[in-house]
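Enquirer: My structure is below; once you've seen it, I'll send some questions.
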Amino acid sequence: MIVRKLGWNRVISVSVLTFIWLGAASMAFEGDEAKPPSATEGQELSEKFCKACHLINGQGGGTAQVGPPSFASIANRPGQTAQHIKNVLIQPHAPMPDMHFSNEEILNIIAYLETLRTDPTIPPLLPPKGEGKPKFPKPT
Ligand code: HEC
């Protein structure tokens, strides 16, 4: 019997720890839900991880370019979606490295890309507040 082997004290402390852990995990999840994506944090991440290959900060918006697309052209690409950008960041094609971003970091990067959009007639990458967050599949 597992209880006799471990003793009640042990069983109780393990249950208490599990309870605390579950509480903390659900709090972290709620926090994540409540915090809106931050374009500023997205820009910081982009300067750290993307600048080596992509032109960021709205430079290089033209159509004719060599090498990786600029952030301006990624943001303004017709039919561009948050889901596509998310997919690229979860499963990048070579030579883009897999940077193992969290959901929150990816949403921040998307919020930053949103600020580089120049055509106000195309729909936003992220739905405006109150219309729900885009639903992303869990990375496998
Ligand atoms: C080592 C170079 C490299 C780094 C670093 C890099 N990328 Fe890329 N990225 C590329 C290349 C090259 C492509 C084009 C790949 C292709 O067409 O398959 C690309 C394509 C993309 C695309 C797809 C564009 C589209 O509309 O299909 C997105 C989005 C993107 N990168 C975002 C990022 C972000 C965000 C970062 C930083 C977190 C980043 N990349 C870092 C090289 C890089």
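Residue numbers for the sequence shown follow this note's numbering, so the first one is 5 and each next one is one higher. The C-beta atom is built at its ideal place from N, Cα and C for all residues, glycine as well. Just so you know, these numbers come straight off a predicted model, no measurement behind them.
Closer than 7 Å to a non-hydrogen atom of the ligand HEC - does that hold for the CB of residue 84?
Expert: The count along the sequence shown starts at 1 and reaches residue 84 at position 80. Yes - the ligand HEC has a heavy atom lying nearer than 7 Å to the Cβ of residue 84.
Enquirer: Spatial neighbours of residue 129 within its chain, please: C-beta separation below 6 Å, excluding the five flanking residues on both sides.
Expert: Start at 1 with the first residue of the sequence shown, and residue 129 comes out as number 125. Cβ within range, chain order: 86, 114 and 118.
Enquirer: Is DSSP giving residue 83 helix, strand or coil here?
Expert: Within the sequence shown, the letter at position 79 stands for residue 83. The answer is coil: DSSP assigns residue 83 none of H, G, I, E or B.
Enquirer: State the start and end residues of the unbroken alpha helix (DSSP H) segment that holds residue 114.
Expert: If you number the sequence shown from 1, residue 114 lands on position 110. Looking at the DSSP string, the run of the alpha helix (DSSP H) that includes residue 114 is 107-119.
Enquirer: Cutting at 6 Å between CB atoms, please list the residues of its own chain near residue 43, excluding the five before and the five after it.
Expert: For this step, residue 43 is matched to residue 39 along the sequence shown. If we look at residue 43 and ignore the five residues flanking it on each side, its Cβ neighbours are 115, 116 and 119.
Enquirer: If I follow the unbroken alpha helix (DSSP H) through residue 53, where does it start and stop?
Expert: In the sequence shown, counting from the first residue as 1, residue 53 sits at position 49. 43-53 is the extent of the alpha helix (DSSP H) around residue 53.
Enquirer: Which residue from 84, 95, 96 and 107 puts its Cα closest to that of residue 46?
Expert: Within the sequence shown, residue 46 is the residue found at index 42, counting from 1. Of the candidates 84, 95, 96 and 107, the one whose C-alpha sits nearest the C-alpha of residue 46 is 107.
Enquirer: Give the straight-line distance between the Cα atoms of residue 81 and residue 104, rounded to the nearest whole angstrom.
Expert: By one-based count along the sequence shown, residue 81 stands at place 77. By one-based count along the sequence shown, residue 104 stands at place 100. Distance between the alpha carbons of residue 81 and residue 104: 24 Å.
Enquirer: Could you give the DSSP three-state label for residue 89: helix, strand or coil?
Expert: Numbered from 1 along the sequence shown, position 85 holds the residue referred to as residue 89. Helix.
Enquirer: Using only the alpha-carbon positions, how far apart do residue 90 and residue 140 sit?
Expert: In the sequence shown, counting from the first residue as 1, residue 90 sits at position 86. In the sequence shown, counting from the first residue as 1, residue 140 sits at position 136. Roughly 8 Å separates the two Cα atoms.
Enquirer: At a threshold of 7 Å, does residue 53 count as lining the ligand HEC (C-beta to nearest heavy atom)?
Expert: For the purposes of this step, residue 53 is identified with residue 49 of the sequence shown, where counting begins at 1. For the ligand HEC, at least one heavy atom lies less than 7 Å from the Cβ of residue 53.
Enquirer: Would you say the beta carbon of residue 131 is closer than 7 Å to some non-hydrogen atom of the ligand HEC?
Expert: As a first step, residue 131 is located in the sequence shown; it is residue number 127 there, counting from the start. It does not: the Cβ of residue 131 is nowhere closer than 7 Å to a heavy atom of the ligand HEC.
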